[in-house]
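Here our numbering = 1-based position in the sequence shown + 21.
For each residue, glycine too, the CB sits at the ideal point set by N, CA and C.
Note that the structure is a prediction, hence the values are computed from the model and not measured.
Written out below as structure tokens is the structure these notes cover.
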Amino acid sequence: MNSVLVASNRGPVSFTVSDDGELTMKRGGGGLVSGLSGAAKDDGVLWVCAALSDGDRSAVRLAPGGRIDQAGYDTGKVRMLDIPPATFHRAYNAVANSTLWFVNHLLYDIPNSPSFGTRFAREWESYRDYNGAFALALAEEAGHGARVMVQDYHLTLTPAMLRAERPDVRIAHFSHTPWAPPEYFSLLPDAVAREVLEGILGADHAGFLADRWALAFMDCCEALLGAEADRAGRSVTHQGRTTRIGVHGLGVDGDALWERAVEPDVESHMAALREQVGERSLIVRIDRTELSKNIVRGLVAYGEFLAAHPEWHGRVVHLAFAYPSRHDLPEYREYTAMVQRCAQEIEDTYATQDWDPLILNVNDDYPRSLAAYRMADVLLVNPIRDGMNLVAKEGPILSPRCALVLSREAGAAAELGPHALVVNPYDITETADALHEALVMPEDERRMRRDKLHAAATALPPQKWLAAQLDALGLIDEQQAL
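Listed below in structure tokens is the structure:
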């Protein structure tokens, strides 16, 4: 049995299956996986995750009890759950990504959505079933008194479900997204909003990436549940149980990131990019094509910068990497098309025979992203709302002279804001002005800011981030013993 377990929708590895049935394993995608993979594997943590693809399901069916590590793969301890595809689709796309993500990122077009009817009731039942599958697997795998780290908005109901099965274990839930204020969170059906909050309050410790998200969660518990929220003492008491509230700003393992960033495939991409852009200054952005990342406004701001500063024509290139995200959802397909149209307008307006002002790439390529980080003079991170944003932390680690233009609505602004150029993500002109300020920043100031950004970004790497939450569960045990 296992003493420490992590549960998340996406796991540390994924599989593809070829036409001849051969399975190929690669690293799982996403910021959560990037943050947790090394820490979990190094510390012997059992990771429970969902099978996301046909390749994953094939791997699960060949692994004893879904234990991928027991099928000959070097993954660390991983159990992958083969949840029925229809149940997974409704839970993941309809509820997690189309509802809870939209609520916590304030993304709804309020005059038109959301609308909750009988279809959503069926989708919510699948979300319950999905969370129940995780709770059952964790209950089966956890040793007596084990500590279980449940991750993110996909699994808000799992803590309470697991507590009902295994009251002996210590449970933490961590939200990697922002949290909506009560007046927006209450867009959810009342019963659903209560179920989400009570699900997380089934944990002993509820963690968030920034103070503002933790306080918003406490506000929701008070307003929608009538719970007792102790903001000074960081706890919520509801129906006789107290859940401690913690803030843990996930950082980056700088040494590991650099080790990966100097490998030959990255060097090759650097050479190719340098041949493409010459010695021009580089403004870089690296995002998923996600509604909250605000890519379109960032591109419009770059266009406004070019219009206001013709002296930079031919001297600057914007490398905009916008990788595919959630193309099962029509809103995301349309947003990707908007990004591409906006990029084409900039090219049509400003490009010359020997200068491409914008290089947009929508094909995911991690080594190329690392190469772009290393070459960046300016990093643009302008989400309309973000739990943390690891891109804002990775860039200053890999670039020796990176100036950071950062949205005040990113969770990372709490840590990096004093050393970045902070902007209102809705203010295109302010963002354009910040891009110019970043480009003309004196070299000594640029390096001073970058050094402080580097220190802040590496202050709580994944190993320490995970340890801090495990320690918090240990403190709860000590307090209950007094």
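In the pairwise beta carbon analysis, the stretch 167-175 is classified as not touching the stretch 86-99: fewer than three pairs are separated by under 8 Å. With respect to residue 128, residue 323 sits apart: the two C-beta atoms are not nearer than 8 Å. Residue 228 sits buried, since 16 or more C-beta atoms from the chains shown fall within 10 Å of its C-beta. Here residue 398 has 302, 303 as same chain residues with Cβ atoms under 6 Å from its own Cβ, once five neighbours each way along the sequence are excluded.
Closest in alpha carbon position to residue 110, among 65, 175, 216, 36, is 175.
Annotated as distal: residue 224 and residue 197, with beta-carbon spacing of 8 Å or more. A straight-line Cα-Cα distance of about 50 Å links residue 263 and residue 286. If you draw a straight line from the Cα of residue 214 to the Cα of residue 400, it is about 37 Å long.
Counting only the Cα atoms, residue 99 lies some 8 Å from residue 66. Spanning the alpha carbons of residue 72 and residue 211 requires a straight line of approximately 31 Å. When the five nearest sequence neighbours on each side are left out, the beta carbons in the same chain lying within less than 6 Å of the beta carbon of residue 235 are those of 229, 266, 268, in order along the chain.
Note that the C-beta distance between residue 416 and residue 231 is not below 8 Å. Under DSSP, residue 249 takes part in a beta bridge, and its partners are 258. Bounds of any alpha helix (DSSP H) do not take in residue 91, whose DSSP letter is neither H nor E. A Cβ-Cβ contact shorter than 8 Å links residue 183 with residue 160. Short of 6 Å from the beta carbon of residue 25, and not among the five residues preceding or following it, lie these beta carbons of its own chain, in chain order: 66, 168. Between the alpha carbons of residue 469 and residue 484 lies a distance of about 27 Å. Within the model, the alpha-carbon separation for residue 146 versus residue 407 is close to 28 Å. In the structure shown, residue 67 adopts extended strand secondary structure according to DSSP, grouped into three states. Shortest Cα-Cα distance from residue 351 to any of 70, 115, 42, 92 involves 115.
Comparing C-alpha distances from residue 476 to each of 421, 331, 385 shows the shortest one belongs to 421.
For residue 147, no beta strand (DSSP E) segment is defined; the enclosing uninterrupted segment is the alpha helix (DSSP H) at 139-162.
Counting only runs that start and end inside the stretch 26-53, the beta strand (DSSP E) elements of at least 3 residues fall at 34-38, 44-48. Looking only at 258, 125, 92, 150, the smallest Cα-Cα distance to residue 108 is reached by 150. Between residue 309 and residue 356, the C-beta spacing is not below 8 Å. DSSP, read as helix, strand or coil, puts residue 409 in coil. Secondary structure in the stretch 433-470: the beta strand (DSSP E) runs of 3 residues or longer, each lying completely within the stretch, are 442-444 in chain order.
Between residue 380 and residue 328, the beta carbon gap of about 19 Å keeps them out of contact (Cβ cut-off 8 Å).
The C-alpha of residue 369 is placed about 38 Å away from the C-alpha of residue 472. The criterion of a C-beta distance shorter than 8 Å is satisfied by residue 444 and residue 403. Between residue 77 and residue 367, the alpha-carbon positions lie close to 40 Å from each other.
Inclusion of residue 28 and residue 155 in the CB contact set at 8 Å is warranted, their separation being smaller than that value. Residue 358 sits exposed, since fewer than 16 C-beta atoms from the chains shown fall within 10 Å of its C-beta.
Excluding sequence positions up to five before and after residue 187, its CB lies within less than 7 Å of the CB of 160, 163, all in the same chain and listed in chain order. By the CB criterion at 8 Å, residue 69 and residue 48 fall outside the cutoff.
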